[in-house]
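Residue numbers (my numbering), protein chains in the order written: chain A, 1 to 455; chain B, 1 to 455; chain C, 1 to 484; chain D, 1 to 484. For every residue, glycine included, the Cβ atom is placed at its ideal position computed from N, Cα and C. Okay, structure first, notes after.
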C-alpha cells in the first residue's frame, strides 16, 4: 500500500471511533451487484526502483537528435533555476489559491505573470492563463462573440496562415455554439493573408478577425493593416502571437491605430520544455473594457484588514462556481505551475535577455535560409519572418524527414497534411539553441537525405 | 559579468560613498608589480546554454553499463524524494549553522542523523560526519591514540582485509605523528583476518585493532572474537562497517563482550549517488567516554531562553577555532548536504526497508555466486558474506574487465594492484538493484569475455 | 515586494542570454517594438531569492494538511516528477517522428489501458487538459452521438442541483439547455423529479457519484435505466473517483462517458491551480467520437490515431496531445500502486473521512447528512454557530490557518448552508487527523467563548483577511510601469 | 518535533524497498542483529513534509543576505547543481574503467588547468575534500619536500596570530611545532618579529592574504624573501582568494603551495556545512609530492595518475578522488565566468565591502583598521558599545536575524575584541547592502536607546537564544529510543 500510512493499530482505533467492524463496512451503501472483482489490465504494483529503470529505458528510446521542428512548440534554453524553483513542494503541491492568506506565493506569482504578459502584449489585462495557445484562441473567439455586441453574425474570419491545429481546436470548441469560422486564404507569393481575399468581406457583418504574428509559416503579417481593417469593419481584432517574438516585435496592443482587442498565444517558449506537447499554457490578454468577458482566473491586488497589500482571486462572479450555466466559460483551472515557470523565466531573462534570444532566432533563421539558398534550395514566401520558414524540398516532406531523423536531425515539420499544395515542403525552425556548426550539419544531412530519396 | 548585479549607476554611487575614483583605486594597497595581466589558460566565458550542451555531451560519454563494481562505493536505489529535498535552497545554500536560531533546519537534521547513526552502530555518540570512510578511519586511529592512555606504543593493527584505499589514506594522514600502522595478514582459505597472525601480537603494547565488517572481500569477519581480543590485549577496537549491512548485522556496539570503542565507515550507501567517488561522507561513532576525543562537529539538544527545545553546535572547545594547535583535529567541515540526504534516505526506508535492501543484497550476491559455481568458476574464501565476493577468473582481471566494459557490463574491481596474489581475481558486488536477468547477463558477458581472452 | 520593484535599469543575467546582440537588420522597422518590453531587470540571485521566499508563503501538501473537499489533495510522489522530467521525455518535440517516440507512446498506450480497466470503460482519450475540458469532450461526444444518429431533438442536459458548477457551464458551452434536478433529503437524486424531467428532449444527465454531498448515489442503477430508457446518455464527472477507485466502476454503473481528474485521483500535482489532465473514457457506442489524438498499437509499434483513423471524432482539443508531462506522472503513479493498490485508495480515503466525521460529530459539529456514510469526504454545516454566535464557515476556515491546517472547501456545495466539505485523503496519518480534530475542537470552544477571535482570523499568515470587494471594484490586475 | 517522534510501529514506505523479504538463511545467526535498527517508521509524506518544513527554518543564500566574513557566501548558480547531477556523472562508479570516463576526466583535467592559471601555480591536485584537508596536504608536502632533501632539522611552522585556527591545528597534525608571529598595528605581519623567528628550524610559514583581518598583506614579497632565504617554504591559505581573484596570484607573490576553497571562491554550495573541496596548487619544486590521484592527459586521452606516476606523492587523502560532484560544480562555475569574469569577482566583492565599510563608518561604527582599504571583507568592533551599553558583537549578530539578515562572523579573528567580520560578496546588489546598512543603523540606535532589546534578540526566529552551557554539560547528542 504505497503512500498509505495506516498501521494495523491505527485502523483498529479508527474503526472503533467510527463504530464499524471493518473498512468494508464503510462501503455498505454501495449496491453489492456493482462491486468490482479485480483489475486485470493493471499490472501488479512495482517499486520506485523498478519503475525508475523502466521509465529511464523508455525515455532513452526517445532521445532526439538535433531539432529543427517548431510548428507551435519551440526549443529554447531554459535556465536551470526555473524548474528547480518551480518544483519546490510549496509551488508544486499547492492547490488553487482559494484561501488567499495561505497562498500569497502562488497569488503574487500570478499577479507578476499577468503584469509581464500585459507588458509583452501591450494590453492592460491578462488572465491567469488557459490550457494552451489553441484553446486560448478558442476562448478568445467566444469572448469576441460576447464582447462584440454590435455584430449579430457570429462570423469569425480565420486566415489559413493561423496554425492548423489552432484552427481545428477552435472549430471543435465553438462548434455547438452557432459560431461560423470562415477561412481566409493566403497569398501564395508572400505567404501572408491575401489582402484581396480579405477585402471581399468588407462591409459584411464580421464578428472578429484572427491575426497571427508571426504566422504559421514564420512570416510576418501586415498586422497594422489587418487590425485597422478589422476595426474599420466593426470586427474585433484577435492577435495570435509568439511571446518570445514580442521582445522584438510590435506588441499587439500597438498594432494599427488602436491595437487589437485581444491577444492570445502559447506560453511554451517562455520556459516550458517541449515535453511531447504539454503541459504548456495559453495566454489571453485584452483591453480593459473586455475584462468582464474574460474567461479563466484573474488575480487582483488589494489590501487586508490591516491595510497591508496582498493578492486574491478576483472577478469570480464571471466563473462557473457562481454563474454556473451563465459563466463566461467552463474553464476553472489555469496552468499554474507552467505559469510559475514562465514568470521566473521572464524575470531571469529580462527585457534585454529576451530580446537577445529573439534576435538570435531571427539571425539564425536568416543564416540557415542563406545557406540553403546557396545550395540551390527554394524558399518560398517573403523573407520578412521571425524564426521559421517554409522550405521546398522537391520530394515528399514526410519521407525526407524520416530519413533525416534516422541521421539524427529532426529536420522540420511536414506541411502536406494541412496544406496539400505544400506536400513537397517542410517548415523549418531555428532558435538561439543552434550554432553555426548545427546549421552546417543541417544542410549536409538534408542534402544527403534528398539525394538518397531522389537516387 | 555573470552573477554580478551592479549597474553603472550603482557603481558610481558606491564609489562616491567610498570616496574612490574607480574600482581599481580600491586595490591600491596591492604592489603594482604583483598584478596579473590576464589568464590565458581559462577560456572566455560561456553562457548557461553552451555549458549545458557541453556538459551533457561529456556526461553522455560516461554512461555506464550494468554495474557490478563495489569496492567501497555501492549502487543502491535512492528515492527520488531524497535529492529533491536536499537541493532545496534552504539546505543547499546554507552555511555551517553558526547562528543556531537561524539554522534549526540544518541543526535538527544533523541531530537526527547522529541519532540514526547511533542506532545503526549501537554506539551512543555520533559526530556530524567526516569527509569519507577512509578519512574517518584515519581520524578514528588518531582518536584511539588519544583515548587509549594506557598504551604508549602508538601501534595500530590494520588487517589486510581492510579496504586498501582506507589503509593507504590512514598512512598518509597519520604519517607525521609517529603512529605505526602494522599489517595483519588474512587467511588465504577463509579470506578473514588470520587468527594465528593476530595471536602473534598478544601481550604486546597495541593501541588499537581495526576490524572491518564486512571486509574488503565482502567476507564477514569473526568480529566478536576480534573485538574481545583487542580488549583483552589493552587495545581499542575500531569497527569499519557498511551502514546498509547494519540493518541486518550485529551493530559494532554489540560486538564481543563489550562492543567496539569506535565505529566508522562510509555513508555513501545511504543515499549518496556513486558520483565518481564523492561527495560521500564518513561516519564516526563512539562510546560515551570518548566523546571529548571526537573530532568534527557535534550537534546537541538544549533549550532556549523561553525553555523551548532546540539544537546547537556543542563541545566546540575541542575544535580548532578555539583550541588551535591543540585541537582534536584540523577538520572543521562536515559533509552536511550528503548527511541531509542520508538522514532523509534512512527516514524513508525505515528499519524494515533498510533490512529488505540488505537482505536483497545478500540474496542477490548468493544467487550470482551459485550461478557462477554452476558454470565452473572458482569463488575462494568463505561463503559467509554480505554482498561482495572474490571471483577467480583465470585470466588477468584488468584485461577481462576492459572486455566486459566494452560489452556494457562493469564486471567488478580488479584486485591485482592491491593483492598481487589475486591478479587473476576480481571483486564483484551485487546490490538490490540487480534482477535475475541482470545476473544472467553478467554470467554470459563474463564467459564471452573470458573466452575471447583465452582464445 | 514585486519583482518589478526589485528592477534596476541595466541589471542583467548575462549567462542566460546569447552573448552578443544579433544582427536583426533583416527585420523591417515597421514590425519592430519601439520600447523594450517592460519586464523586470534583475540579477539571477534576485530571482532565486524572490521566488524561493514567495514559495514559502504558500500552504501545500508538502508542508501542510490540506483537507480541501472535492480536490483530493493527497501526497504527490516525488518520483512521478523526476521520471516525467527525464531528458528523453522533456526534450521530445510533439511532432517528433513516431520512430523516435516509442518510449513515450508506449507509456500513453498503457495509461489508456489502465484507465479503461479502472473505470470500466471501453476506450480512453488522454487529450483533455483539465477536468472542465474533459467534461466538454464528454458532452460534445454525447452531442455528436445523437447527431450521428439523426436524433436531433435532444436539447437538454439534466444536472442535479448538487453538481459542480462546471457541469451546467459545460452543457451550455455545448449548446444545451440545462435542467436542474433536485436532491432529496438524504442526499440522493430526487427520483420522482428525475422521472418527471426525462423525455425526448433529454440528451443526457451529468452526475458525480459519490456526489458533491459526500455520499454515494445509491439508486444509480435506477437512474441509469430511467435516462437510458428515455434515450439519454449518462455522463460521469470523475471529480470524486478517488472514493471508489477499484471498488465500483462507472462503466458498471451504466455510464456512457466519464472524465477523470488525473490531478486528483492519480495524484499529479495541483501546481497552484494546474496543469491538470482530464482524460475521458467512453462506452462502446461513443468510441467513434473520442477527441484526437489517441494512441493505438499495431503489433509492437505504437502510433498516433488522428482524424484519418477516427473520422467521426469531436476533433482536437489541444494543439498537440494534451498535458503530456502530467500524463506521464499519472502513469508512474498508477504503476506504483498497481492493481492491488487501487482499491486501497478508496478504502483508506473512506476510512479517514469516516473517522474525522465521527470525531467531529462527537465534538458537537453538525453533519449535513448524519445518517449517511461518509465517502472520501463529508460535509459539516456551521448553520447553528452562524446563527448563535455569528461564526461562519469562512471564519472557521480562516481560523484553521492559524492552527497550521489548510481550510476545507467552504460554501460548496451551494445546497448546504455554511458548509465545510472535508476530504482528508488516504495519504494522511491518524496523528495528522487527530491534530486536525483537536484544532477543530479548539475553534468550537473559541466560537462559544470568544467569537470575535474566530471572526478576526487569521492572525499568523503573511496577511490578515483581504478586502475582496475592493479587489473587484478597484481592479488592479497588472503592475503599471508608471506606478513603479 | 523529531522524525523519531513521528514514528509508529509498522508504518512503512513500500515503494522504496524491495517487495519481498529476501532469503537470508545463508547468513549465520551469529552475525545477525537481534533487534531491528531503531530508525523511524514513517510514511513518505511524513518524510517529505518533515524535511520540507525543517528546511524552512534555515537562513540560506537563496533566502537571505548572508555576510559571513571569511565564508564567501555568494550565489551558488543553480546550473552548477543540475549539470553536476547529470546521470552520466552521477552514476559513474569511481572505479569505472577510463574508457568510459573520458567525459568526467576531461572536466577534471581542465579544472586543474584553470586553477593553475588563476593561482599562478605549476600543478594542481583536486583530491582534498575540504579546506582543512587541503591545508593538511599542503603542509604534508612541505614536510615531504624537506625530508626528500634530507633537510631534517626543520621542525617549526610559523603562523601569524591572525590565522585561521585550522592553520596551527594542521601544522600540529603534520608533526610540526607552531610558532606564532604577531601582527602590527596596521594589520600587517610584524616584520621584525618574523625576521627574529625564522631560522634553520623553519619549515615554512602559513599565510592568508588578504589576511583574516580583511586587509591585504602589503609586504608579501619581503615576507617571501625572508622565509625563502631561511630555507622555508610559503603556504597560502586560500580562504580569501575571492578578494584577489584574477588580480594577483599567490604564485606570483612567491607562495610554494596553496589550497583553494572551491566552496568559497568558486561558489560550490556550502550545504549547511559541507561538502567542500580544497584543491591544492604547488610550485615546480613541490610537484612530485602532490596527493594522488591527479588527472593527466596523453594525447587526446585522459587518465588517472597514481603512485606509479608520482612515487614521491604524500599519498591518498580519500578513498577515491575527492568530492567529485563538488569539483564538477566548480568547473561549471569557472567556465561560466571565464577568463574575463575572474577579476570581476575581486572587483565587485571589494567594491561591496568598501561600500558597506564606508557607510557603517559614517553611521558611527568603529572599524578595526580605519586607515586601510577593505578587501572583500572588513572588521567592525563593538568594543565601545560593549563597554558603554553592554551590547556585544553577539547581541548585534542576533538582532540582525530579526531584521532578516544573517549575522556576520563574530569573535573572529580573535585579535580584535567584539568584532564582526563582514563579507558581502560580489553577488549582492546595492539595494540589499543598503537595506543591511539600514538595519545596522537601527540596531545602533536601539543599542543606545533600549540596549535590553538588543541583548534579548532574536525574537522572530523559531527559537530565542540557546543555553549553550547546558548543551555541553548535559550532553544530548542522540535521540534515545527509551525516551521516545
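Indicate the three-state DSSP secondary structure (helix, strand or coil) for residue i in the structure shown.
| i | result |
| --- | --- |
| residue 301 of chain A | strand |
| residue 286 of chain B | strand |
| residue 474 of chain C | coil |
| residue 83 of chain A | helix |
| residue 334 of chain A | coil |
| residue 35 of chain C | coil |
Name the residue from the options whose alpha carbon lies nearest to the alpha carbon of residue i.
| i | options | result |
| --- | --- | --- |
| residue 431 of chain B | B/174, B/76 and B/268 | B/76 |
| residue 388 of chain B | B/116, B/134, B/351 and B/70 | B/70 |
| residue 369 of chain C | C/216, C/459, C/474 and C/293 | C/216 |
| residue 227 of chain C | C/206, C/332, C/381 and C/245 | C/206 |
Nearest chain B C-beta to residue i closer than 8 Å, yes or no?
| i | result |
| --- | --- |
| residue 419 of chain D | no |
| residue 40 of chain C | no |
| residue 150 of chain D | no |
| residue 60 of chain C | no |
| residue 329 of chain C | no |
Cβ of residue i less than 8 Å from any chain A Cβ?
| i | result |
| --- | --- |
| residue 70 of chain C | no |
| residue 483 of chain C | The pLDDT assigned to residue 483 of chain C is 47, lower than 50, so where the model puts this residue is not dependable; a value taken from the coordinates is nonetheless given after this. Chain A contact via Cβ: absent. |
| residue 15 of chain D | yes |
| residue 45 of chain B | no |
| residue 290 of chain B | no |
Kindly indicate if chain D contains any beta-carbon less than 8 Å away from that of residue i.
| i | result |
| --- | --- |
| residue 48 of chain A | yes |
| residue 84 of chain A | yes |
| residue 8 of chain A | yes |
Identify the contact partners of residue i in chain A, using a Cβ-Cβ distance below 8 Å as the criterion.
| i | result |
| --- | --- |
| residue 332 of chain C | 51 and 55 |
How would you list, in chain order, the residues of chain C whose beta-carbon sits under 7 Å from the beta-carbon of residue i?
| i | result |
| --- | --- |
| residue 81 of chain B | 78 |
Counting only Cβ pairs nearer than 7 Å, list the residues of chain A close to residue i.
| i | result |
| --- | --- |
| residue 52 of chain D | 89 |
Against residue i, what residues of chain B qualify as contacts under a CB-to-CB distance less than 7 Å, listed in chain order?
| i | result |
| --- | --- |
| residue 216 of chain D | 29 and 30 |
By the criterion of Cβ-Cβ separation under 9 Å, what are the contact partners of residue i in chain A?
| i | result |
| --- | --- |
| residue 433 of chain B | 49 and 53 |
Original post:
How about the stretch 283 to 295 of chain B and the stretch 104 to 112 of chain D: do they share at least three Cβ pairs that are nearer than 8 Å?
Top reply: Touching, no.
**OP:** Assess, as a yes-or-no matter, whether the stretch 54 to 61 of chain A is touched by the stretch 393 to 406 of chain A under the definition of 3 or more beta carbon pairs within less than 8 Å.
**Re:** Verdict: no, contact absent.
**OP:** Decide if the stretch 441 to 451 of chain B is in contact with the stretch 89 to 108 of chain B; the criterion is three or more beta carbon pairs, one per stretch, under 8 Å apart.
**Re:** Here the stretch 441 to 451 of chain B does not lie against the stretch 89 to 108 of chain B, with fewer than 3 beta-carbon pairs under 8 Å apart.
Original post:
Is the number of C-beta pairs between the stretch 90 to 97 of chain B and the stretch 357 to 375 of chain B that are closer than 8 Å three or more?
Top reply: The stretch 90 to 97 of chain B makes no contact with the stretch 357 to 375 of chain B; the number of CB pairs closer than 8 Å stays below 3.
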